[in-house]
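Have a look at the structure below, then the notes.
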Amino acid sequence: MAFEGFPREVTAFFRGLRDNNSKEWFDQHAAEYERVVRKPSLALISDLTAPLIDLDPPLKAEPRLNGSLRRINRDIRFSADKTPYQTYQHLIFWVGDHPNRSPGVHLIIGAKGFGFGSGQWALEAGQLGRVRQAIIADKGKSLQRALDEAASRGARISEPALKRVPAGFDPQSDVAEFLKHKGFVVRADQEQVPEEMYDSRGVDYVLELCRALNPVNAFLMQNAGEED
């Protein structure tokens with residue numbers, strides 16, 4: 011089934027879920043979730059599978075649950091918040107061997123509107139060390155070029171995890187702010203879902219987003235290496 015757009019009531023569905031976040035409510039609206047969220051999400055992923063392979067680095071798009079379609083159920087085992095569902099649908103197109111352990115492009119559509127981003131939140135210690143050395147070696151120019159591409163679509167780098175430059179690095183360095191990061195993620199949030207996402211133009215819209223966001227993933231893949 012080709013992607014023909016999300017129905018316009020998709021955000022209303024998630025606002026309803028936000029206000030009635032229970033299994034009982036979700037079960038009563040399961041057919042609506044299938045129609046306005048799951049089916050169009052899978053169609054979008056399917057239509058993007060071939061063109062995303064042609065990007066550098068290639069992005070994997072798998073139209074299945076736990077592939078590019080992430081679960082709407084929350085893992086509440088260790089959370090004080092026991093509401094059972096996310097109030098958004100998360101889609102991911104990734105570079106490496108697994109969507110949970112690799113850089114990728116993320117899309118969100120939900121109660122708060124539309125969001126997108128790319129990168130990787132947490133790098134393993136060895137990977138982070140290699141990325142930091144790469145940043146120092148070219149004075150952050152490669153990373154900055156990738157960030158500039160993402161910024162062309164409104165995506166900005168997230169706040170660094172550290173308050174101070176880690177020990178062993180020059181706090182006066184021109185790249186000091188980059189060295190405070192333990193992962194590198196750019197993101198943007200929009201209150202309004204783009205009009206393109208309501209019809210077949212959404213495929214090209216997301217593809218162009220991925221083109222702009224993917225240089226961040228390329229930087230990480232080139233410099234982080236495999237997990238130690």
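Going left to right, the sequence shown walks through residues 11 to 238 as the numbering used here numbers them. The beta carbon of each residue, even a glycine, is placed where N, CA and C say it ideally should be. Computed from a predicted model, the values in this text were never measured in an experiment.
Just measuring C-alpha positions, the residue of 88, 83, 75 and 228 sitting nearest residue 36 is 83.
The DSSP-derived three-state label of residue 152 is helix.
By DSSP's assignment, residue 116 forms a beta bridge with 102 and 127.
Between the segment 87-99 and the segment 157-175, the count of Cβ pairs shorter than 8 Å is below three; the stretches do not touch. By alpha-carbon distance to residue 72, the top candidate from 178, 108 and 92 is 108. Partner residues in the beta bridge of residue 95, as assigned by DSSP, are 83.
Residue environment: residue 50 is assigned as buried (16 or more neighbouring CB atoms within 10 Å of its CB, all protein chains considered). In the three-state DSSP reduction, residue 49 falls in the helix class (H, G or I). Shown here, residue 62 sits in a helix according to DSSP, grouped into three states. In this structure, residue 189 places its C-beta atom within 7 Å of the C-beta atom of residue 175.
Under the three-state reduction of DSSP output, residue 70 falls in the strand class. Annotated three-state conformation of residue 133 is coil, per DSSP.
In the structure shown, residue 197 adopts extended strand secondary structure according to DSSP, grouped into three states. The Cβ neighbour count for residue 55, taken over all protein chains shown within 10 Å, is at least 16; the residue is labelled buried. Sequence-distant Cβ neighbours of residue 132 in its own chain, meaning closer than 7 Å and more than five residues away, are 192 and 193. The beta carbon of residue 59 lies closer than 8 Å to those of 71, 72 and 73 in the same chain, with the five residues before and after it left out.
Using a Cβ distance threshold of 7 Å, residue 126 and residue 198 count as a contacting pair.
In this structure, residue 67 lies near residue 105, with their beta-carbon atoms less than 7 Å apart. The straight-line gap separating the alpha-carbon atoms of residue 134 and residue 38 is approximately 42 Å. In this structure, DSSP gives residue 18 a state outside helix and strand, which the three-state scheme calls coil.
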